[in-house]
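Chemist: Chains as they are written, first to last, in my numbering: chain L, 1 to 292; chain B, 1001 to 1292.
Below is one structure. I have some questions about it.
There are 2 protein chains.
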Amino acid sequence: MNIGFIGLGLMGRPMAINIARGNHTLHIWARRAASLEPFAQFGAHAHVSAAEVAKHADIVFTCVADTPDVEAVCLGAGGIVESGKRGLVVSDSSTIAPAAARRIGAKLKEHGMAFLDAPVSGGEVGAINATLSFMVGGEETAFEKAKPFYELMGKSVTLVGASGAGQVTKACNQTVVAMTMLAVAEALTFAKKSGVDGAKVREALLGGFANSKILDHHGKKMLERNWKPGFKAWMQQKDLRIVLQSAHDLGLAMPGAAVASQLFNAMVGSGMGEEDNMAVIKLIENLAGIKE
Amino acid sequence: MNIGFIGLGLMGRPMAINIARGNHTLHIWARRAASLEPFAQFGAHAHVSAAEVAKHADIVFTCVADTPDVEAVCLGAGGIVESGKRGLVVSDSSTIAPAAARRIGAKLKEHGMAFLDAPVSGGEVGAINATLSFMVGGEETAFEKAKPFYELMGKSVTLVGASGAGQVTKACNQTVVAMTMLAVAEALTFAKKSGVDGAKVREALLGGFANSKILDHHGKKMLERNWKPGFKAWMQQKDLRIVLQSAHDLGLAMPGAAVASQLFNAMVGSGMGEEDNMAVIKLIENLAGIKE
């Protein structure tokens, strides 16, 4: 089977490498030519456009940034739609609005191609270690074709429902992740401001209902003052924009997600956009007069 | 060693039973005489006041509701302070403000008694199954005396720091629990309003960074529409009042905890105070026009 991979950034690059390591030959394209170079060692075929990748592939994985990027790669000039064969499966792991995913899927279907919205959770570390979670929306036959490759890139793979359901799940995921991140940030700052050892608080909380992956993994890094991304604040801001735009369209009040999104806006506004999203604790500390 | 137990409500009763089952004879008192009756089968000695319990005990556990209750039991007329011997250890598992715990501890110390603030997480189920988490503040020698009994009532026991540190930890715990609860409620409602199966969303999210005890345990119950408490909404409201009052005193902004507290206010206001705090999802659903 011929595999295409489009978008070789922070997430896409390690994901594509994990497919290549599974003894598959890749057809690749990325906006920045420099992103293609590391794949020479894997015998990958570099192409000049998404359309050229699609021409050579039975399945194409995409991992770009935002809705306009996915639309350009799939439906734009030099995009997949121009040359993908009937029966081509397109799996997109970008995080975009559920409504946009459904629209792109419907358009590709008109051309005989199947679209899977397959966003991931787990960040760069998960991409590198092949421990990502895939949340997938689309038709089962297409999903079964893509599944062996998801399993090369991740450890948890769920077909949640029809087209768009993967992005709905990702929006739910980001809601929970962002609010839990803020919760841990507020709690650890409460401890610090009260003169209590945050490491011991974290340890005690891990033993009860407050236990979460965020408290375990990110809580530890917050205490170590390790802001290396991970998952950058500007991407969390973008994902929460998608959540709240969707909530607006659905007529759904999300008071917690709304507050969290304001703090990620503030992170970007105060020059912390390139830091990991867990650095939100520094905002809470600053507001409490705690200096680094 | 003679053990006292004061406060035999939703939490205190199963906790005291777990000590009694460890082959200890209890000296007990509760505001409601009816609460004393189930302990006859364990050969417990029922007394007419907290002071009488303290007179017969080397260590006294208390589990009442709010700050005034703890103050009354420890320092009021007919309270522990009136008759506790020097060296008596008083361990309180109520959830109260850290500042109040420190104040009560200091007062008892003037009378030669040691006070441990030892609030718990895990709810009624944890109390019954002896799987509570104990977060303890106080002196190490007192903690070592109480520890074997905590281990009869719970599975996670942490001495976090000096007097008040247990309540600080509990405030951190409730902050994380309340915000995670709201996060899961918003996420599952987002899924429902988008026409996506919440059970599959939960399953997918458990595989990634959104994983938490709340998503696992309470998320499942939300999907089953099982509102049996557990931990009642009015108690969560009370605990968040303590968190935000403490944040006020510390000069600490807790935007996420503040929003969560408003929703638990609304639960109590709309007649849901006696339901489990996870029923907060019904508020979010109602606002989105989803009928039960």
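Every residue, glycine too, gets a C-beta built ideally from N, C-alpha and C.
Note that the coordinates shown come from a computational prediction; the quantities given were computed from them, not determined experimentally.
Mind pulling the chain L residues with CB within less than 9 angstroms of B:Asp1197?
Modeler: Position 197 of the second sequence, counted from the start, is the residue given in the question as residue 1197 of chain B. Here the neighbours are Val160, Gly161 and Ala165.
Chemist: Does any C-beta atom of chain B lie closer than 9 angstroms to the C-beta of L:Ser270?
Modeler: Within the first sequence, numbered from 1, the residue matching residue 270 of chain L stands at position 270. No, L:Ser270 does not count as interfacial toward chain B.
Chemist: Between the segment 1274-1291 of chain B and chain L, which residues of the former have a C-beta closer than 8 angstroms to a C-beta of the latter?
Modeler: Ile1284, Leu1287, Ala1288 and Gly1289
Chemist: Output the residue ranges of the alpha helix (DSSP H) runs that lie fully inside the segment 1134-1198 of chain B and measure 4 residues or longer, sorted by chain position.
Modeler: 1140-1153 and 1165-1193
Chemist: Just the Cα atoms here: how many angstroms apart are L:Asp92 and L:Gly7?
Modeler: For the purposes of this step, residue 92 of chain L is taken as the residue at position 92 of the first sequence. For the purposes of this step, residue 7 of chain L is taken as the residue at position 7 of the first sequence. Their backbone Cα atoms lie some 10 angstroms apart in a straight line.
Chemist: Count the other CB atoms within 10 Å of the CB of B:Lys1213; is the residue buried (16 or more) or exposed (fewer)?
Modeler: Residue mapping note: residue 1213 of chain B aligns to position 213 of the second sequence, counting from 1. The residue is buried, with at least 16 neighbouring Cβ atoms inside 10 Å.
Chemist: Report buried or exposed for L:Pro68, applying the criterion of at least 16 other Cβ atoms within 10 angstroms of its Cβ.
Modeler: Locating residue 68 of chain L in the first sequence gives position 68, where the first residue counts as 1. Its Cβ having fewer than 16 others within 10 Å, L:Pro68 is exposed.
Chemist: What residues in the segment 1182-1197 of chain B bring their beta carbon closer than 9 angstroms to a beta carbon of chain L?
Modeler: Leu1182, Ala1183, Val1184, Ala1185, Glu1186, Ala1187, Leu1188, Thr1189, Phe1190, Ala1191, Lys1193, Ser1194, Gly1195, Val1196 and Asp1197
Chemist: Does chain B have any CB closer than 9 angstroms to the CB of L:Leu88?
Modeler: Along the first sequence, one-based indexing puts residue 88 of chain L at 88. Not an interface residue.
Chemist: Evaluate B:Asn1277 with the Cβ neighbour count: other Cβ atoms within 10 Å of its Cβ, from every protein chain shown; 16 or more gives buried, anything less gives exposed.
Modeler: Walking along the second sequence from the start, residue 1277 of chain B turns up at place 277. Looking at its Cβ environment, which holds 16 or more other Cβ atoms inside 10 Å, B:Asn1277 is buried.
Chemist: Along chain B, which residues have their Cβ under 8 angstroms away from the Cβ of L:Ala293?
Modeler: Any property of residue 293 of chain L remains undetermined from this structure, which presents chain L solely from 1 to 292.
Chemist: Which runs of the beta strand (DSSP E), 3 residues or longer, sit entirely within the segment 40-127 of chain L?
Modeler: 59-62, 89-92 and 114-117
Chemist: Please go through the same chain and pick out, in chain order, the residues whose beta-carbon is closer than 8 angstroms to the beta-carbon of B:Gly1273, but skip the five residues on each side of it.
Modeler: The count along the second sequence starts at 1 and reaches residue 1273 of chain B at position 273. Apart from sequence neighbours up to five positions away, the residues of its chain that approach B:Gly1273 with a beta-carbon distance below 8 angstroms are Lys1232, Ala1233, Trp1234, Gln1237 and Met1267, ordered along the chain.
Chemist: CB B:Lys1145 to CB B:Ile1059, shorter than 9 angstroms?
Modeler: Reading the second sequence from its first residue, position 145 is the one you call residue 1145 of chain B. Reading the second sequence from its first residue, position 59 is the one you call residue 1059 of chain B. Contact: yes.
Chemist: If we count the other Cβ atoms within 10 Å of its Cβ and call it buried at 16 or more, is L:Ala77 buried or exposed?
Modeler: For the purposes of this step, residue 77 of chain L is taken as residue 77 along the first sequence, with counting starting at 1. The residue is exposed, with fewer than 16 neighbouring Cβ atoms inside 10 Å.
Chemist: Using the three-state DSSP reduction, which class does B:Ser1270 fall into: helix, strand or coil?
Modeler: On the second sequence, residue 1270 of chain B is found 270 positions in, with the first residue counted as 1. Of the three classes helix, strand and coil, the one that applies to B:Ser1270 here is coil, per DSSP.
Chemist: Would you verify that the beta carbon of L:Phe39 is, or is not, closer than 9 angstroms to some beta carbon of chain B?
Modeler: Within the first sequence, the letter at position 39 stands for residue 39 of chain L. L:Phe39 does not count as touching chain B.
Chemist: What do you get for L:Thr158, buried or exposed, if any count of 16 or more other CB atoms within 10 angstroms of its CB means buried?
Modeler: Against the first sequence, residue 158 of chain L aligns to sequence position 158. Classification of L:Thr158: buried, given that the 10 Å Cβ count is 16 or more.
Chemist: Is it true that the CB of B:Ala1030 sits closer than 9 angstroms to the CB of B:Gly1012?
Modeler: Here residue 1012 of chain B refers to the residue found at position 12 of the second sequence. Here residue 1030 of chain B refers to the residue found at position 30 of the second sequence. Yes.
Chemist: Using a C-beta cutoff of 9 angstroms, does B:Asn1002 count as contacting chain L?
Modeler: Position 2 of the second sequence, counted from the first residue, corresponds to residue 1002 of chain B. No, no contact with chain L.
Chemist: What are the boundary residues of the beta strand (DSSP E) that includes B:Trp1029?
Modeler: Along the second sequence, read from residue 1 onward, the residue named residue 1029 of chain B stands at position 29. Run containing B:Trp1029: Leu1026 to Trp1029, per the beta strand (DSSP E) assignment.
Chemist: Quick one: which residues of the segment 70-86 of chain L get their C-beta closer than 9 angstroms to a C-beta of chain B? List them in chain order.
Modeler: none
Chemist: For the beta strand (DSSP E) containing L:Gly4, name the first residue and the last one.
Modeler: As a first step, residue 4 of chain L is located in the first sequence; it is residue number 4 there, counting from the start. Note, L:Gly4: beta strand (DSSP E), Ile3 to Ile6.
Chemist: First and last residue of the alpha helix (DSSP H) that includes B:Glu1292?
Modeler: Reading the second sequence from its first residue, position 292 is the one you call residue 1292 of chain B. Segment: none, B:Glu1292 is in no alpha helix (DSSP H) and carries neither H nor E.
Chemist: Are the C-beta of L:Leu8 and some C-beta of chain B separated by less than 9 angstroms?
Modeler: Residue numbering aside, residue 8 of chain L sits at position 8 when the first sequence is read from its first letter. Chain B contact via Cβ: absent.
Chemist: Pull the bridge partners of B:Leu1240 from the DSSP assignment, please.
Modeler: Mapped onto the second sequence, residue 1240 of chain B falls at position 240. DSSP output for B:Leu1240 lists no bridge partner at all.
Chemist: Please name the residue in L:Ala97, L:Val48, L:Glu285 and L:Gly164 whose C-alpha comes closest to that of L:Met222.
Modeler: Position 222 of the first sequence, counting from 1, holds the residue named residue 222 of chain L. Among L:Ala97, L:Val48, L:Glu285 and L:Gly164, the Cα nearest to that of L:Met222 belongs to L:Glu285.
Chemist: Assuming B:Asn1018 is part of the alpha helix (DSSP H), what are its boundary residues?
Modeler: Residue 1018 of chain B sits at position 18 when you count from the first residue of the second sequence. Here the alpha helix (DSSP H) through B:Asn1018 covers Gly1012 to Ala1020.
Chemist: Looking only at its own chain, which residues have a Cβ that is under 6 angstroms from the Cβ of B:Thr1180, when we skip the five neighbours before and after it?
Modeler: Here residue 1180 of chain B is taken as the residue at index 180 of the second sequence, counted from 1. Here the set comprises Ser1212 and Ile1214.
Chemist: I need the boundaries of the alpha helix (DSSP H) containing L:Glu275, first residue and last residue.
Modeler: As a first step, residue 275 of chain L is located in the first sequence; it is residue number 275 there, counting from the start. It is not in any alpha helix (DSSP H) - L:Glu275 carries neither H nor E in the DSSP assignment.
Chemist: Work out the CA separation of L:Thr25 and L:Gly84 for me, nearest whole Å.
Modeler: Position 84 of the first sequence, counting from 1, holds the residue named residue 84 of chain L. Position 25 of the first sequence, counting from 1, holds the residue named residue 25 of chain L. Each residue's Cα considered, the two are about 18 angstroms apart.
Chemist: With a cut-off of 8 angstroms on the beta carbons, I'd call L:Phe209 and B:Val1177 a contact; round off their distance for me.
Modeler: For this step, residue 209 of chain L is matched to residue 209 along the first sequence. For this step, residue 1177 of chain B is matched to residue 177 along the second sequence. So it is a contact: roughly 5 angstroms between Cβ atoms.
Chemist: B:Phe1264 touches chain L at which residues, Cβ-Cβ below 7 angstroms?
Modeler: By 1-based counting over the second sequence, the position of residue 1264 of chain B is 264. The premise fails here: B:Phe1264 is roughly 12 angstroms from chain L at the closest Cβ pair, so nothing lies under 7 angstroms.
Chemist: Assign L:Leu252 to one of three DSSP states: helix, strand, or coil.
Modeler: For the purposes of this step, residue 252 of chain L is taken as the residue at position 252 of the first sequence. Note: L:Leu252 maps to coil in three-state DSSP.
Chemist: Identify whether B:Lys1228 lies in helix, strand or coil by the three-state DSSP scheme.
Modeler: One-based indexing of the second sequence puts residue 1228 of chain B at position 228. Of the three classes helix, strand and coil, the one that applies to B:Lys1228 here is coil, per DSSP.
Chemist: Would you report the Cα separation of L:Pro148 and B:Glu1186, rounded to the nearest angstrom?
Modeler: Against the first sequence, residue 148 of chain L aligns to sequence position 148. Against the second sequence, residue 1186 of chain B aligns to sequence position 186. If I take the Cα positions, the gap works out to 32 angstroms.
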